[in-house]
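Asks:
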Amino acid sequence: MTRAREYELFTQRAASRITKQFGISERGSALAELIVRTTRNYEDHLLHPKYHQRKDALEKLRQALHAMEKLIAKRERALEPPLFDTLLPKLGELLSEEGLEKLTGIAVPRPSIAPITWTQQLDADEQRQLNREVQASRAGPKLLATFLREMRLAVDVSLAKIPKHKGGRPVKHGFRNVLIAVLAWDYHQFFDDRPTSSPEGQFHKLCRAVCEEMNIEEVGLSKAVAAVLKKIGFIPSTQVPLP
1 MTRAREYELF TQRAASRITK QFGISERGSA LAELIVRTTR NYEDHLLHPK YHQRKDALEK
61 LRQALHAMEK LIAKRERALE PPLFDTLLPK LGELLSEEGL EKLTGIAVPR PSIAPITWTQ
121 QLDADEQRQL NREVQASRAG PKLLATFLRE MRLAVDVSLA KIPKHKGGRP VKHGFRNVLI
181 AVLAWDYHQF FDDRPTSSPE GQFHKLCRAV CEEMNIEEVG LSKAVAAVLK KIGFIPSTQV
241 PLP
C-alpha cells in the first residue's frame, strides 16, 4: 500500500497470547490465519481496480437470495409436494448432520453401534445419508428458506468486508469495521456462541484485544461493534450505517 496503514500486522505470537487469555489456546493458529487473510483481502480491495464490480455482484447476489427466501415463504404449501422427494433430500445428502441440525433445530439420528468392518462402515454411511435425506424432506421448504438465509448472511459479511472505496481519502476506521465483521462471523466457531454488542461481553473483549495487538484506535469501538453486528444481521435491526 502507498499510504500509511491504520494498523500493524498481526502475528502468530499475538494470536497465541489472545487465545490463551480467553481459554481457547487451540484456536491460536485459526485466529492468526483469519486476521492475516483479512488484512491481505482488505489491502487487495483498496488497490483492486474492479472494486465496484465486486461490490455490485455481491449486492445482486444478496438481492437474489432474499427474493428466493420471500418466494419460498409465500408459496411454501405449493412448493412442498414437488420438493419432497427431489430438492429436499438432495439438500439433506449434501449437508452434514450438524448443518441440518443447525438449520432445522432437530437432532438427526446417528447409528447406535460404531462400525467395525469395512462393510459395516459402508452400511453406516448409507444409513446416515438416508437419515439426513429423510430429515430434510420432513423439514419441508422452510429448510431451503433457512439455508438461503444463512447464505444471505454470509454475503452480508462479504459485503461488510469490502471497505468503502470511492477514491480520495480512505474511510476512517475502515479496516477496524472489516475486522469486526470477520471476527463476528468466526466467533461462534471459536466460542460456540453468538457475538453480542455488550461492552462487557466476550466478543467485545476479543475485538478490543485484537485492536490492542494491532495498534488500532479503540475510541468508539463499542459503537462500531454494535453497528457492524447490526449491519451483518447478528443483531435484528434496520440497516445502521457504519461509523
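Heads up, the sequence shown is in our numbering, so the first residue is 1 and it goes up one at a time.
Here a beta-carbon is modelled for each residue, glycine too, at the ideal position from N, C-alpha and C.
1. Taking the continuous alpha helix (DSSP H) assigned at ILE180, which residues delimit it?
2. Of all the options LYS223, ARG75, GLN21, which has the alpha carbon lying nearest to the alpha carbon of LEU144?
3. Tell me, please, whether the stretch 103-115 touches the stretch 51-62 by the rule of three or more beta-carbon pairs shorter than 8 angstroms.
4. Can you tell me whether ARG75 is helix, strand or coil according to DSSP?
5. Establish whether the CB of LEU31 and some CB of chain C are separated by less than 8 angstroms.
6. Should the stretch 178-186 be regarded as contacting the stretch 113-125, the criterion being three or more beta carbon pairs within less than 8 angstroms?
7. When you compare only the Cα positions, how much space is there between ASP276 and SER222?
8. Considering only their Cβ atoms, is the gap separating LEU148 from SER197 smaller than 8 angstroms?
9. Who are the Cβ neighbours of ALA209 in its own chain at under 6 angstroms, not counting the five residues just before and after it?
10. Output the boundary residues of the alpha helix (DSSP H) element that contains GLY105.
11. Taking just the CA atoms, how far does HIS173 sit from GLY220?
12. Verify whether the separation of the beta carbon atoms of ARG54 and PHE190 is less than 8 angstroms.
13. Between which two residues does the alpha helix (DSSP H) holding GLY220 run?
14. Out of GLU200, SER137, LYS161, which has the shortest C-alpha to C-alpha gap to LEU46?
15. Please classify LYS20: is it buried, with 16 or more other beta-carbons within 10 angstroms of its beta-carbon, or exposed?
16. Are the CB atoms of MET151 and ALA65 within a distance shorter than 8 angstroms?
17. Following the continuous alpha helix (DSSP H) through SER29, name the residue where it begins and the one where it ends.
Replies: In terms of the structure at hand:
1. As a position in the sequence shown, residue 180 is number 180, starting the count at 1. Here the alpha helix (DSSP H) through ILE180 covers 174-191.
2. Counting from one through the sequence shown, the residue named residue 144 turns up at place 144. That would be ARG75, whose Cα lies nearest to the Cα of LEU144.
3. The answer is no - the stretch 51-62 does not touch the stretch 103-115, with fewer than three Cβ pairs under 8 angstroms.
4. For the purposes of this step, residue 75 is taken as residue 75 along the sequence shown, with counting starting at 1. Of the three classes helix, strand and coil, the one that applies to ARG75 here is coil, per DSSP.
5. The structure shown contains no chain C, having only a single protein chain.
6. Because the criterion of three Cβ pairs below 8 angstroms is not met, the stretch 178-186 and the stretch 113-125 do not touch.
7. The question about residue 276 has no answer here: the residues shown for the chain are numbered 1 through 243.
8. Position 197 of the sequence shown, counting from 1, holds the residue named residue 197. Position 148 of the sequence shown, counting from 1, holds the residue named residue 148. For SER197 and LEU148, no; Cβs fall outside 8 angstroms.
9. For the purposes of this step, residue 209 is identified with residue 209 of the sequence shown, where counting begins at 1. Around ALA209: ILE18.
10. Here residue 105 corresponds to residue number 105 of the sequence shown, with the count starting at 1. For GLY105, there is no enclosing alpha helix (DSSP H), as DSSP gives it neither H nor E.
11. As a first step, residue 220 must be located in the sequence shown, where it is residue number 220. As a first step, residue 173 must be located in the sequence shown, where it is residue number 173. Put simply, the backbone Cα of GLY220 is about 10 angstroms away from that of HIS173.
12. Residue mapping note: residue 54 aligns to position 54 of the sequence shown, counting from 1. Residue mapping note: residue 190 aligns to position 190 of the sequence shown, counting from 1. Not in contact: ARG54 and PHE190 (Cβ atoms no closer than 8 angstroms).
13. Within the sequence shown, residue 220 is the residue found at index 220, counting from 1. Counting along the chain, GLY220 falls outside any alpha helix (DSSP H), and DSSP gives it neither H nor E.
14. Within the sequence shown, residue 46 is the residue found at index 46, counting from 1. Of GLU200, SER137, LYS161, the residue nearest in Cα terms is LYS161.
15. The residue labelled residue 20 in the question sits at position 20 within the sequence shown. Flag for LYS20 reads exposed.
16. Working through the sequence shown from its first residue, we reach residue 65 at position 65. Working through the sequence shown from its first residue, we reach residue 151 at position 151. The amino acid at residue 65 is misidentified as Ala; the sequence shows Leu. Result yes, Cβ atoms of LEU65 and MET151 sit closer than 8 angstroms.
17. Working through the sequence shown from its first residue, we reach residue 29 at position 29. In the DSSP assignment, SER29 falls within the alpha helix (DSSP H) that extends over 28-47.
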